[in-house]
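The structure appears below as structure tokens.
See the structure below:
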């Protein structure tokens, strides 16, 4: 059995989609949701599906004596970042090498790195006059948005698209592809 921990910071639409996707899977289970924010709506989404959750401060996430025992207590062997707004500490990327994946709302390496998340990415895509954008699902490394790319999915961008239109198109790709790529990464 592969037990997943999902790390979140916000609304949690991807978190809920992943929980639903694996709800009846015999070999993959979402066992824990971790957030760095007590007000993250993702925690309510996890509760709706009876998935245990834990709120940790940035300091606790960066403390191996706090987070590693928590992950061990839930027998976690794979981590998914779904709108998690903190850098994952190096000790965790080493402990879970090629077992931590993230989703980014652009076609990396374009529009990645520090400060490039959510609406900031979509505004940058619009400002740059891009004709396509998409999502990148990648392994997490010590470099922000720098891990090996697992999969990318594209969507066209028209000159009339607003950042909100771009965001909606990207969200469709996230909902369609993220859980399936997680499953492929686990089974690789």
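Residue numbers (my numbering): 1189 to 1376. All C-beta atoms, glycine included, are put in the ideal place defined by N, C-alpha and C.
CB of residue i within 7 Å of CB of residue j, strictly
{"i": "residue 1196", "j": "residue 1271", "result": "yes"}
{"i": "residue 1199", "j": "residue 1229", "result": "yes"}
{"i": "residue 1322", "j": "residue 1342", "result": "yes"}
{"i": "residue 1220", "j": "residue 1240", "result": "yes"}
{"i": "residue 1333", "j": "residue 1292", "result": "yes"}
{"i": "residue 1328", "j": "residue 1276", "result": "yes"}
{"i": "residue 1193", "j": "residue 1222", "result": "yes"}
{"i": "residue 1254", "j": "residue 1296", "result": "no"}
C-alpha gap between residue i and residue j, whole angstroms
{"i": "residue 1318", "j": "residue 1310", "result": "10 Å"}
{"i": "residue 1372", "j": "residue 1189", "result": "15 Å"}
{"i": "residue 1344", "j": "residue 1279", "result": "38 Å"}
{"i": "residue 1204", "j": "residue 1267", "result": "15 Å"}
{"i": "residue 1165", "j": "residue 1348", "result": "It is not possible to answer for residue 1165, since the shown part of the chain is limited to 1189 through 1376."}
{"i": "residue 1340", "j": "residue 1358", "result": "11 Å"}
{"i": "residue 1226", "j": "residue 1243", "result": "6 Å"}
{"i": "residue 1302", "j": "residue 1233", "result": "27 Å"}
{"i": "residue 1274", "j": "residue 1207", "result": "21 Å"}
heavy atom of the ligand ADP below 6 Å from residue i C-beta
{"i": "residue 1255", "result": "In the structure shown, the ligand ADP is absent, as is every other ligand, since no ligand is present at all."}
Burial state of residue i (16 or more Cβ within 10 Å)
{"i": "residue 1326", "result": "buried"}
{"i": "residue 1355", "result": "buried"}
{"i": "residue 1315", "result": "exposed"}
{"i": "residue 1245", "result": "exposed"}
{"i": "residue 1360", "result": "exposed"}
Residues bridged to residue i [DSSP beta-bridge criterion]
{"i": "residue 1344", "result": "1320"}
{"i": "residue 1339", "result": "1325"}
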